[in-house]
Structures are given as C-alpha cells and as structure tokens.
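> One structure is given below, represented as structure tokens, and several questions about it will come after.
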Amino acid sequence: MTLATVPAERASALDAPTQPLKLSTAQGPAYPLGKAGEIWATLIRERSGGRLAVTHFPGATLSARDPAREFGALRDRTFELAVGSTFVWSAQVPQLNVLALPWLVPDAPELEALVDGDVGKRLSATLEAAGVVPVAWVANGFIELASKVPVNKPADLAGMQVRVQPSPLVEETLAALKARPSAMSAADARAALESGRLDGQETSIAAYSASRLYAGPLTHLQLWHAHADALVFGVNRSVWESWPQSDRQLVREAAVEASQEALAMARRLADDSALAKLGAQGAVVTRLTPAGRDTFREAAREVYDRWTPIIGAELVEAAQAEIAGRRSTR
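Numbered by the working numbering, the letters in the sequence shown go through residues 1264 to 1593 in order.
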C-alpha cells in the first residue's frame, strides 16, 4: 500500500498556525472597490481553510477614515492587505496619476488595456519598490461630473464651485477650466448643496447612484471621462515575502477572481440599463462626444503638460502608445 505524500511546502503551510490578517478598503460593498475587498477576504479564508483569517474593514476605518492615508498605512503594516484606488493612492505614489491625466484615457477598453499591459507592469514595479506588492489590477471606470446645469463645453464651468476628492491634479484641471474646485467632507458638501453654494461634484456613476445625488439639485450627470481609475489589490511587502509560495499563489488567485467580480460590477453600474434607471429616477444623463472630450483636453493642456514630468515622461509616453495601439484595433 502506497501512502500519498504532500509536498513539503504545502504540508508546512497546512500545519502553520492561524494568521489573523486585516484587509482595508475605503468603500463598502455597494461599490466595486468595497465588493472586491469583501470577496477577496472571503476567498482567502475559504481556500486556506481559515488559516489565513482575513477580516475586511471597509470605510478606511484602519487609516483614521482617511482614504489618502491608506497606502502609507499598508506600507507600514498597520494592516496587511488592501484594495485601493489609483486615484486615491496617487497622493502618495505620484506615478499612479498617469491614469488620471485629464482626458488621456478615452474609454473602458483603453483603460482595461492599460492596467493589463505594460503600464500596469511598470506601476506594479513602482508600488513594490515602495513597499506594497500588487497581486491584481482591474479597471474601475471614470470620474464623471454631476451638476445643477448642463456642462457641455469648458466655458460652462466658469465660476462653478465643484466638490472634488483631494487631488492636486484634479483641482488644477478644474481651475484650468475656470471652475472653483473645493475639497470638502460629505457633511460639508450636503450643507453647501442645501445653501446653494455648491454647483457640481466630481463623482463615479456608482457613487452618484448610491448617494442619490439626482434627488437633489445635481440632476445633470455628464459622462465626460475626465480622469480614469483602477483598483489595486495590494499586500504589504514584508508580509508577502514571509509567505510560502503556496500562500502567495492562493492569495494572488483569489485577488484575480475578486478583480473579475469587481470589473463585472463596475460594468453593470455603467451600462445602458443602469443609466436608463438613473434617467427614470430624474437624472439627466449625457455623454460627451469624442470631439467634446478633445475640446476639454485642449483646455486643460497646461495641466497635462505640467504633470507629465511629475509622473514620468517615459511612463506617460508608454500609456499614450498603449492607448493608440488599442484604438487602432477597435
């Protein structure tokens, strides 16, 4: 009788004690980012038989409820895993701003090509050098504009006070368009809306829907694709290096599976039926034409040019080439 043998590394992993792990996301499961974290944590727990005991903490609760602190907290091992937004993490990793360059990324297929291709690999190397190992990437759509009145050309923004997430790149973009960008909390934004001081807000389609902005004065949703966003599934580098290869593979495969669920959710939230539902609830949804996006991009050209050396000219050129290549095959 021959007894089956278990590879030494896998046997060691199975015999290892339970390892409590914390996973951070800035949003809850109503959003693709939060859902990605929830699924990733569940898959790791299940596939490790509970040995990798991952607990999901949404709402940036592990970084003082400040999403901008999340990357630094992950790097410093305040927690071990996170699903983060390139838009938010760019505050501490400037190269991630490549996806947010104003009107660089035309549409979803080009965004997916960037994160799956050479640009994604370059950004992964940058993040790993900074102390976080990316194990999966996925496109997360675009930052759009909710407003009281239609915005179809740059001149329409003149003098408008627009709420933004804290981002120098975004603030400079709106300022170049003669708007008045303002980073404010959700509570301050509600007060500003009620008092009539707020004219618009940059938002994702998911956030616009979940927060019911259409029920207030911001009834116009312009799909202008000003800035693109992607999700990064990251592991603290010292934690990653302490794991055997079998655990690394398990965590990476779980991240890839969770990323595909997040991508499917992001697509559902932005598809024609979702937009039609918003329209039925009172939103006026319009989509900027390619020519319209060109007009906005040219109006914000000074911002694009100023940020290119900050991000890295070589990285920006790689993104431009990848987008051009993807568009030529469409």
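For each residue, glycine too, the CB sits at the ideal point set by N, CA and C.
Bear in mind that the values here come from a model prediction, so they are computed numbers and not experimental data.
Among P1507, L1284, A1518, R1556, which one has its Cα closest to the Cα of G1313?
Here residue 1313 refers to the residue found at position 50 of the sequence shown. The candidate whose alpha carbon is nearest that of G1313 is L1284.
> Between which two residues does the beta strand (DSSP E) carrying K1285 extend?
Counting from 1 along the sequence shown, the entry for residue 1285 is found at position 22. Run containing K1285: 1282–1288, per the beta strand (DSSP E) assignment.
> Which residue's Cα is closest to the Cα of L1315: S1509, A1546, D1535, R1564?
Numbered from 1 along the sequence shown, position 52 holds the residue referred to as residue 1315. Selected option, being the one with the closest Cα: S1509.
> Give the C-beta separation of G1479 and L1456 to the nearest angstrom, bearing in mind that I take them to be a contact with Cβ-Cβ under 8 Å.
Looking up residue 1479 in the sequence shown gives position 216. Looking up residue 1456 in the sequence shown gives position 193. Rounded, the Cβ-Cβ distance is 6 Å, consistent with contact.
> Hey, out of A1449, S1522, G1545, V1433, whose CA is closest to H1490's CA?
Position 227 of the sequence shown, counted from the first residue, corresponds to residue 1490. Taking only the C-alpha atoms, the option nearest H1490 is V1433.
> Please report how far the alpha carbon of P1295 lies from the alpha carbon of E1375, in whole angstroms.
As a first step, residue 1295 must be located in the sequence shown, where it is residue number 32. As a first step, residue 1375 must be located in the sequence shown, where it is residue number 112. About 15 Å.
> Quick check: the Cα distance between D1419 and W1352, rounded to an integer number of angstroms?
Counted from its first residue, the sequence shown places residue 1419 at position 156. Counted from its first residue, the sequence shown places residue 1352 at position 89. C-alpha separation (whole angstroms): 30 Å.
> Grab me the residues of A1518's own chain with a C-beta within less than 6 Å of its C-beta, minus the 5 sequence neighbours each way, in chain order.
On the sequence shown, position 255 is the one that residue 1518 refers to. Contacts found: W1303, V1398, A1399, F1496.
> W1366 by DSSP, collapsed to three states: which one?
Here residue 1366 refers to the residue found at position 103 of the sequence shown. Coil at W1366, not helix or strand.
> Excluding the five sequence neighbours on either side, which residues of its own chain have a C-beta within less than 7 Å of the C-beta of P1417, listed in chain order?
Within the sequence shown, the letter at position 154 stands for residue 1417. Cβ neighbours of P1417 beyond the five flanking positions: L1440, T1558, F1559, A1562.
> With DSSP as the reference, label Q1424 as helix, strand or coil.
By one-based count along the sequence shown, residue 1424 stands at place 161. Of the three classes helix, strand and coil, the one that applies to Q1424 here is strand, per DSSP.
> In its own chain, which residues sit with a C-beta less than 6 Å from the C-beta of A1402, not counting the 5 before and 5 after it?
Stepping through the sequence shown from its first residue, residue 1402 is reached at position 139. Answer for A1402: L1374, E1375, V1378, A1493, listed in chain order.
> Between V1382 and V1361, is the Cβ-Cβ spacing less than 9 Å?
Taking the first residue of the sequence shown as 1, we reach residue 1382 at position 119. Taking the first residue of the sequence shown as 1, we reach residue 1361 at position 98. Their beta carbons are under 9 Å apart, which means V1382 touches V1361 by this criterion.
> Could you tell me if T1592 is buried or exposed, where buried requires 16 or more neighbouring beta carbons within 10 angstroms of its beta carbon?
Position 329 of the sequence shown, counted from the start, is the residue given in the question as residue 1592. Burial call: exposed.
> Which of helix, strand or coil does DSSP assign to R1328?
Your numbering for residue 1328 matches position 65 in the sequence shown. Coil.
> With distances taken between CB atoms, is the gap from I1468 to L1481 smaller than 9 Å?
Translated into positions along the sequence shown, residue 1468 becomes position 205. Translated into positions along the sequence shown, residue 1481 becomes position 218. For I1468 and L1481, no; Cβs fall outside 9 Å.
> Does the distance from the CB of L1390 to the CB of V1356 come in under 9 Å?
As a position in the sequence shown, residue 1390 is number 127, starting the count at 1. As a position in the sequence shown, residue 1356 is number 93, starting the count at 1. In this structure, V1356 lies closer than 9 Å to L1390 by Cβ.
> What are the partner residues of P1444, as DSSP defines its beta bridges?
Reading the sequence shown from its first residue, position 181 is the one you call residue 1444. Answer is V1425, bridged to P1444.
> So what's L1266 in DSSP terms, helix, strand or just coil?
Taking the sequence shown and counting its residues from 1, one reaches residue 1266 at position 3. With a pLDDT of 38 at L1266, under the threshold of 50, the modelled position of that residue is not reliable, and no figure is offered here.
> Using the DSSP secondary-structure output, state which residues sit across from V1547 in a beta bridge.
In the sequence shown, the residue the question calls residue 1547 occupies position 284. Per DSSP, H1483.
> Around the Cβ of E1333, are there at least 16 other Cβ atoms within 10 angstroms (buried) or fewer (exposed)?
For this step, residue 1333 is matched to residue 70 along the sequence shown. Residue burial is scored here from C-beta neighbours: E1333 has at least 16 other C-beta atoms within 10 angstroms and is therefore classed as buried.
> Buried or exposed for D1329, please, with buried defined as at least 16 other CB atoms from any protein chain shown within 10 angstroms of its CB.
Position 66 of the sequence shown holds residue 1329. The residue is exposed, with fewer than 16 neighbouring Cβ atoms inside 10 Å.
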